[in-house]
Each structure stands twice: as structure tokens, then as C-alpha cells.
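Numbering (the numbering used here), first residue to last: 84 to 340.
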């Protein structure tokens, strides 16, 4: 029997958040966590692109973390510590807003409504940042008018992929976890439909990670390609686009399967 406690807090029309703590025995073995910076490629906006972001969060450490992540890809960052100030401080130069949902004075959803009222629903890309990770909660935030959703704790992968997709950005990737040639298994004996091959290559070239994953799902449904799909998913999770290109370009192309 574990010793601990559990708490729940609810917000009308948003949902409930459960938190718990338990007492666990100390481990006798050290576990070395791999830093986020080592798991993610060195990525920056391509020359000639500029992006200005606006982070709204009442917790300073959260603002600092997002600021560091966005700074790594050469994005300019402004911040506000609550929703009310966000409505006052947002300006035309901002391209995308990362909005914490649970804040004092004015919640993220209330701040969203105010910004939409003042500037229109299409003026800014606004991303909900929250620990509410259930699918129905995601849908609810999108229905409220948010353009995207990032889970807490935020990750470099989520921040970069969301920013690039919503703003249709191009990125330069300097390094990856492993070289492009480090592909464990050859799939050159497999063929895939020409239109799917073309779609996969286009998604890689244009860094459209969401479309890429959708095409990988379609690939898996073809049968006898589950292993290939699994490897492409693993590579896409690390944003290893060069390795994905190497795998896909080596596949056979057939007009019919």
C-alpha cells in the first residue's frame, strides 16, 4: 500500500485536473537523463525568416523555459505574466502566442476571447499550453478558437513542430541524434504507391511533420509494411528528416499495389 495524497480541481466548461503524490523508495541505481538539447537537432529558422512570439504564463520558470526553447531556433520572444496583461501587451508584430490556460486574474480562454474581440480571430496563431492532455479536451480547446495545443511539460519537439506548422516556416537542421546513414534496416525490397511516395517526399522536403505522420499511417494500412512504418515513426519523433528521406527514397515505386 502506497502512502500519498490526491487532489482534484475543476473549471467549468474546461474540465478537471487531478494531481497526486506518493512516497517511493529511493533507487539504488543512478539513472542518467538525456538532456532535451541532446535529443533534439540543432534547428534554426532559414535565412530571411523572422518570427516574433508572445508567451503568456503566470509561472516565471515556465516562461523562461519556453523562451529558451524558442531562442534556440532564432525566434524573438515577448512575455506576459497573466491573461489580462496579454490582452494589453499583444501587438501587430506578434505572429504566434503560447497561452497558458490556468492563470489568475484572467484565464487563457478568457484572454483568447479578448484578443479575438480586439484583433479578430485570424490575426494571431494562438496555442493552448496546458496539462489537460485528453483527446476530448484537445478538441474543446480547438473549438474555442485555439489554433494548436501543447502538453505540459512542454518539449522542444512540441514547440518547434507547432511553430513551424502553424506559421508554415522553413528550418535549417544542423545536427541529429545519429547521422543520416544510421538506418538499421534496408527496406529497398518494398514498393509503395507512387502518389504516397510523392506525398512522403514532399512532406519531408517541406518539414510538414503532421502530414508526414498521416502518410506513415496510410503506409501501415497497406499491409506488410508495419516495420517500415514503425521505423519512420521513430525517426519522425526525433525529427531526423535526412534519415527519413534516405529510407523513403530507397523504396520501390509502383502505380498499383
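Note that CB positions come from ideal geometry on N, CA and C, so glycine has one too.
Please read these numbers as outputs of a predicted model, since none were measured by experiment.
Notebook entry, point to check: In whole angstroms, what is the alpha-carbon distance linking residue 327 and residue 319?
Noted result: 7 Å
Notebook entry, point to check: Going straight from the alpha carbon of residue 159 to that of residue 138, what length do you get?
Noted result: 11 Å
Next item on the list: Please state whether DSSP places residue 254 in a helix, a strand or coil.
Entry: strand
Next item on the list: List the residues that DSSP assigns as beta-bridge partners of residue 104.
Entry: 88
Next item on the list: Give a yes or no on whether the C-beta atoms belonging to residue 178 and residue 250 are separated by under 8 Å.
Entry: yes
Check: Is residue 118 helix, strand or coil by DSSP?
Finding: Per-residue confidence for residue 118 stands at a pLDDT of 44, beneath the threshold of 50, marking its modelled position as unreliable; the derived number appears in the next sentence. Note: residue 118 maps to coil in three-state DSSP.
Note to self: For residue 220, count the other beta carbons within 10 Å of its own beta carbon; 16 or more makes it buried, fewer makes it exposed. Which is it?
What the structure shows: buried
Item checked: residue 332 (DSSP reduced to helix, strand or coil) -> helix
Next item on the list: For chain B, find out if any of its Cβ atoms is closer than 8 Å to the Cβ of residue 164; answer yes or no.
Entry: Of the protein chains in the structure, only one exists, and it is not chain B.
Checklist line | 8 Å Cβ cutoff met for residue 211 and residue 241 | finding: no
Next item on the list: Count the other C-beta atoms from every protein chain shown that fall within 10 angstroms of the C-beta of residue 335, then say buried if there are 16 or more, exposed otherwise.
Entry: exposed
Notebook entry, point to check: So, are the CB atoms of residue 237 and residue 149 less than 8 Å apart?
Noted result: yes
Checklist line | Cross-strand partners of residue 337 (DSSP beta bridge) | finding: 276
Notebook entry, point to check: From the DSSP output, which residues share a beta bridge with residue 182?
Noted result: 139 and 211
Notebook entry, point to check: At what residues does the beta strand (DSSP E) containing residue 156 begin and finish?
Noted result: Note, residue 156: premise wrong, no beta strand (DSSP E); not H, not E.
Next item on the list: State the Cα-Cα distance for the pair residue 189 and residue 315, rounded to the nearest angstrom.
Entry: 42 Å
Next item on the list: Tell me whether residue 343 is buried or exposed, calling it buried when 16 or more other Cβ atoms sit within 10 Å of its Cβ.
Entry: Because the chain here runs from 84 to 340, residue 343 falls outside it and cannot be looked at.
Check: With 16 other CB atoms within 10 Å as the buried threshold, where does residue 244 fall?
Finding: buried
Note to self: Is the beta carbon of residue 279 closer than 8 Å to that of residue 295?
What the structure shows: no
Next item on the list: Indicate the three-state DSSP secondary structure (helix, strand or coil) for residue 231 in the structure shown.
Entry: strand
Check: When burial is assigned at 16 or more other CB atoms within 10 Å of the CB, is residue 166 buried or exposed?
Finding: buried
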